[in-house]
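Chemist: Let me give you the structure first, and then I'll get to my questions.
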Amino acid sequence: MDDTRHEGRPLPRPDEELTDQGLGFDIGTIVRRRQVLRAFGLGAAVAGLTAACSNDLDPATSPAASASTATDATAAGEIPDETAGPYPGDGSNGPDVLNQSGIVRRDIRSSFGTATGTAQGVPMTLELSIVDMANGGTPFAGVAVYVWHCDREGRYSLYTQGAQDQNYLRGVQVADAQGRVSFTSIFPACYSGRWPHIHFEVYPDQASITESSKAIATSQVALPKATCDTVYAQSGYSASVQNLSRVTLQSDNVFGDDAGALQLGAVTGNVTNGLAVSLVARVDTRTTPTGGGMGPGGPGAGGAPPSR
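Each residue of the sequence shown is one higher than the one before, starting from 584 at the first, in our numbering.
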């Protein structure tokens with residue numbers, strides 16, 4: 584018996600109980616069973632039950648309430664390749680933070696080296712589970728994952744005025760035996776022209792991170808609207824409210840192809856004690872990476888954060 588799979592799907596956390604696989608896996612199970620039941624005319628009843636359960640959640644304390652209905656985090660398919668945007672900090676567009684000592688870290692809220700700033704905002708942890716599609720969907724242990732995103736004001740460290748002398752909200756973790764990496768951060772802003780998101784690059788190993796051309800996947804995590812609405816009602820995020828009202832997942836120039844079907848993170852927690860964002864990212868080394876760079880839009884691809 585294969586203890587790493589359940590009903591034909593790989594377990595995000597094979598070393599833990601079935602009931603501890605995470606919200607995305609649980610919702611995926613519900614969706615699959617609804618499809619089976621629908622064939623016997625029972626789909627409507629299950630749909631009503633699912634809706635009733637979700638209505639029992641309070642978005643103010645459990646902002647993941649709508650995230651679970653927006654995506655199946657275990658859906659099949661390789662994570663889409665995306666632009667790294669104009670502010671990657673990987674050496675492909677100016678600054679290179681990946682060749683600096685201290686970049687391999689879990690807590691990315693503070694700058695390191697000679698920089699001393701700390702990004703403020705609603706606490707957030709990000710867990711990515713990297714799956715190796717070329718090896719039967721097994722956990723992609725040992726890969727290095729570089730994560731970066733904007734701060735509460737929508738600024739990118741190293742690039743944006745007011746944060747150019749900082750390198751916070753950037754870091755690398757090496758995937759454990761279960762293909763997982765985890766980062767402690769703050770919830771990013773919504774800046775003009777883009778849906779709220781987190782960037783990441785996957786490298787074969789830690790030694791490869793100093794050359795951006797060696798990335799085997801470049802993608803982004805989309806953040807669910809219910810969570811964004813809750814976070815942006817908090818102090819310091821006021822500019823994000825109006826920016827979010829002007830964009831949707833369907834109109835976003837990165838997620839718009841499929842409304843972020845394979846990239847929408849599942850969220851648990853609350854703004855007081857902190858949010859936990861998780862995503863399963865399937866990487867297939869048999870395909871040629873097409874992401875990275877600044878995208879077809881040139882220097883402004885992906886939207887420009889406010890320079891303040």
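Heads up, the beta-carbon is just placed ideally off N, CA and C, and yes, glycines get one too.
Provide the residue span of the beta strand (DSSP E) that contains Ser765, from first to last.
Modeler: By 1-based counting over the sequence shown, the position of residue 765 is 182. Start and end: 763 to 769.
Chemist: Buried or exposed for Thr699, going by 16 or more other Cβ atoms inside 10 Å?
Modeler: Mapped onto the sequence shown, residue 699 falls at position 116. Thr699 should be labelled exposed.
Chemist: Does the separation of the CB atoms of Tyr729 and Val705 fall below 9 Å?
Modeler: Here residue 729 is taken as the residue at index 146 of the sequence shown, counted from 1. Here residue 705 is taken as the residue at index 122 of the sequence shown, counted from 1. Cβ distance not < 9 Å, so Tyr729 and Val705 don't count as in contact.
Chemist: Taking the alpha carbon of Leu893 as the reference point, which residue from Leu845, Arg688, Thr793 has its own alpha carbon closest?
Modeler: A query on residue 893 cannot be resolved here, the shown segment of the chain reaching from 584 to 891 and no further.
Chemist: Does the separation of the CB atoms of Asn826 and Ala746 fall below 9 Å?
Modeler: For this step, residue 826 is matched to residue 243 along the sequence shown. For this step, residue 746 is matched to residue 163 along the sequence shown. Cβ atoms of Asn826 and Ala746: not closer than 9 Å.
Chemist: Can you look up Asn826 in the DSSP assignment and give me helix, strand or coil?
Modeler: In the sequence shown, counting from the first residue as 1, residue 826 sits at position 243. DSSP places Asn826 in helix when its eight states are reduced to three.
Chemist: For Gly776 and Ser834, I'd like the C-alpha separation in whole angstroms.
Modeler: Your numbering for residue 776 matches position 193 in the sequence shown. Your numbering for residue 834 matches position 251 in the sequence shown. Those two C-alpha atoms are separated by around 10 Å.
Chemist: Should Ala790 go down as buried or exposed, given a rule of 16 or more other Cβ atoms within 10 Å for buried?
Modeler: Taking the sequence shown and counting its residues from 1, the one referred to as residue 790 is at position 207. With fewer than 16 Cβ atoms within 10 Å of its Cβ, Ala790 is classed as exposed.
Chemist: Using 9 Å as the threshold, is the C-beta distance between Asp673 and Ala849 below it?
Modeler: On the sequence shown, residue 673 is found 90 positions in, with the first residue counted as 1. On the sequence shown, residue 849 is found 266 positions in, with the first residue counted as 1. No.
Chemist: Kindly indicate which three-state DSSP category Gln749 falls into: helix, strand or coil?
Modeler: Locating residue 749 in the sequence shown gives position 166, where the first residue counts as 1. Note: Gln749 maps to coil in three-state DSSP.
Chemist: Just to check, is the beta-carbon of Ser712 closer than 8 Å to a non-hydrogen atom of the ligand NAD?
Modeler: As presented, the structure is devoid of all ligands, the ligand NAD included, so that no description of it is given.
Chemist: By DSSP, does Ser775 sit in helix, in strand, or in coil?
Modeler: Counting from one through the sequence shown, the residue named residue 775 turns up at place 192. Residue state, collapsed to three classes: coil.
Chemist: Would Arg829 be called buried (16 or more neighbouring beta carbons within 10 Å of its own) or exposed?
Modeler: Walking along the sequence shown from the start, residue 829 turns up at place 246. Arg829 is exposed by the Cβ-count criterion.
Chemist: What's the gap between the Cα of Ser675 and the Cα of Val860?
Modeler: Indexing the sequence shown from 1 puts residue 675 at position 92. Indexing the sequence shown from 1 puts residue 860 at position 277. Rounded to the nearest angstrom, the two C-alpha atoms are 27 Å apart.
Chemist: Mapping DSSP to helix, strand and coil, what is Gln683?
Modeler: Locating residue 683 in the sequence shown gives position 100, counting from the first residue. Gln683 falls in the coil class under three-state DSSP.
Chemist: Rounded to whole angstroms, what's the CA-CA distance from Tyr774 to Gly843? Just pull it up for me.
Modeler: As a position in the sequence shown, residue 774 is number 191, starting the count at 1. As a position in the sequence shown, residue 843 is number 260, starting the count at 1. So the alpha carbons of these two residues sit roughly 18 Å apart.
Chemist: Considering only the beta carbon of each residue, do Phe766 and Asp867 sit closer than 9 Å?
Modeler: For the purposes of this step, residue 766 is identified with residue 183 of the sequence shown, where counting begins at 1. For the purposes of this step, residue 867 is identified with residue 284 of the sequence shown, where counting begins at 1. Cβ distance not < 9 Å, so Phe766 and Asp867 don't count as in contact.
Chemist: With H, G and I counted as helix, E and B as strand and the rest as coil, what does DSSP make of Asp673?
Modeler: Within the sequence shown, the letter at position 90 stands for residue 673. DSSP places Asp673 in strand when its eight states are reduced to three.
Chemist: So what does DSSP say about Asn856, is it helix, strand or coil?
Modeler: As a first step, residue 856 must be located in the sequence shown, where it is residue number 273. Three-state DSSP puts Asn856 in coil, outside helix and strand.
Chemist: What span of residues does the alpha helix (DSSP H) with Asp812 cover, start to end?
Modeler: Position 229 of the sequence shown holds residue 812. Counting along the chain, the alpha helix (DSSP H) containing Asp812 begins and ends at 808 to 814.
Chemist: Since Ala783 is in the beta strand (DSSP E), which residue starts that stretch and which ends it?
Modeler: If you number the sequence shown from 1, residue 783 lands on position 200. Ala is not the amino acid found at residue 783; the sequence shown has Phe there. From DSSP, the beta strand (DSSP E) with Phe783 extends over 780 to 786.
Chemist: Should Ser693 and Tyr742 be called a contact, given that it needs their Cβ atoms to be closer than 9 Å?
Modeler: For the purposes of this step, residue 693 is taken as residue 110 along the sequence shown, with counting starting at 1. For the purposes of this step, residue 742 is taken as residue 159 along the sequence shown, with counting starting at 1. No, the pair does not count as a contact, with Cβ atoms beyond the cut-off.
Chemist: For Val824, does the count of other Cβ atoms within 10 angstroms reach 16, so buried, or fall short, so exposed?
Modeler: As a first step, residue 824 must be located in the sequence shown, where it is residue number 241. Exposed, because fewer than 16 other Cβ atoms sit within 10 Å of the Cβ of Val824.
Chemist: Mark Gly631 as exposed unless 16 or more other C-beta atoms lie within 10 angstroms of its C-beta, in which case mark it buried.
Modeler: For the purposes of this step, residue 631 is identified with residue 48 of the sequence shown, where counting begins at 1. With a pLDDT of 40 at Gly631, under the threshold of 50, the modelled position of that residue is not reliable, and the figure given next carries that caveat. So Gly631 counts as exposed.
Chemist: Which of the three DSSP states is assigned to Thr873 in this structure?
Modeler: The count along the sequence shown starts at 1 and reaches residue 873 at position 290. In the structure shown, Thr873 sits in coil (DSSP, three-state: anything other than H, G, I, E or B).
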